[in-house]
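What follows is a short report on a single structure.
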Amino acid sequence: MQERARTAGPERLMLAPSGEIPNNPRLPVLLHRGALPAGGDRAAAAEALFARHGWPPAWRDGIYRHHHYHPEAHEALAIAAGRVRVQLGGEGGPVLDLAAGDVVVLPAGTGHRNLGASPDLLVVGAYPPGQRVRTFGGRPGEREEAARTIPRTPDPPCDPATGAPYPVAD
5 MQERARTAGP ERLMLAPSGE IPNNPRLPVL LHRGALPAGG DRAAAAEALF ARHGWPPAWR
65 DGIYRHHHYH PEAHEALAIA AGRVRVQLGG EGGPVLDLAA GDVVVLPAGT GHRNLGASPD
125 LLVVGAYPPG QRVRTFGGRP GEREEAARTI PRTPDPPCDP ATGAPYPVAD
């Protein structure tokens with residue numbers, strides 16, 4: 005697999021609400037291409053990176069195939085192995101092709117789903133400390149609850165890939 009060079013800064017994506025997916029009205033999705041070093045144990049490298057910036061690693065697994073979001077937690081996803089095509093923001097939202105070494109940071113309320121992955125996909129997930137990680141996916145009443153909850157969710161303490169202050173949308 006060809007390695008991609010790390011970019012100077014993350015790509016930023018602002019997502020509008022889409023159907024049952026609220027997305028975040030103030031905070032952008034951050035996409036860090038090539039944030040993890042090539043070779044070695046990238047899962048351990050992702051866990052160390054997140055922990056160093058105060059985002060305790062929470063799990064190693066894949067990404068659900070259905071649209072879902074977390075209204076009370078920001079989520080960092082590091083692709084430790086393989087490739088995955090992820091749709092953000094609900095139906096019609098942008099589609100990202102992510103590969104080993106990439107990190108995407110999803111502010112509370114950001115919809116995401118796996119559109120297809122290589123068999124070796126391994127993702128490391130992390131959340132800021134003290135946030136309640138509930139998964140919503142379009143059940144009745146969730147959108148209304150999320151609209152009340154997302155604005156009350158504390159901003160991320162920092163960007164988990166760089167430690168820099170988390171940007172607010174311009």
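Read in my numbering, the sequence shown has 36 at position 32, and its numbers run on one by one without any break. For glycine and all other residues, C-beta sits at the position ideal for the given N, C-alpha and C.
- For residue 67, the secondary structure class from DSSP, reduced to helix, strand or coil, is coil.
- In the three-state DSSP reduction, residue 80 falls in the strand class (E or B).
- Inter-residue distance for residue 23 and residue 141 is about 11 Å (C-alpha atoms, whole angstroms).
- Assigned with DSSP and collapsed to three states, residue 87 falls in strand.
- With 16 or more other Cβ atoms inside 10 Å of its own Cβ, residue 34 counts as buried.
- Boundaries of the beta strand (DSSP E) harbouring residue 117: 116-121, taken from the DSSP string.
- Take residue 84, set aside five residues on each side of it, and the residues of its chain with a beta-carbon closer than 6 Å to its own are 46, 47, 50, 126 and 128, in chain order.
- Check the Cα spacing between residue 37 and each of 101, 133, 145 and 112: the tightest is with 101.
- Counting only runs of 4+ residues, the alpha helix (DSSP H) found wholly inside the segment 21-69 occupies 46-56, in chain order.
- Within the same chain, and ignoring the five residues on either side of residue 121 in sequence, the residues whose Cβ sits closer than 8 Å to its Cβ are 66, 67, 86, 87, 88 and 89.
- Listed as beta-bridge partners of residue 103 by DSSP are 87.
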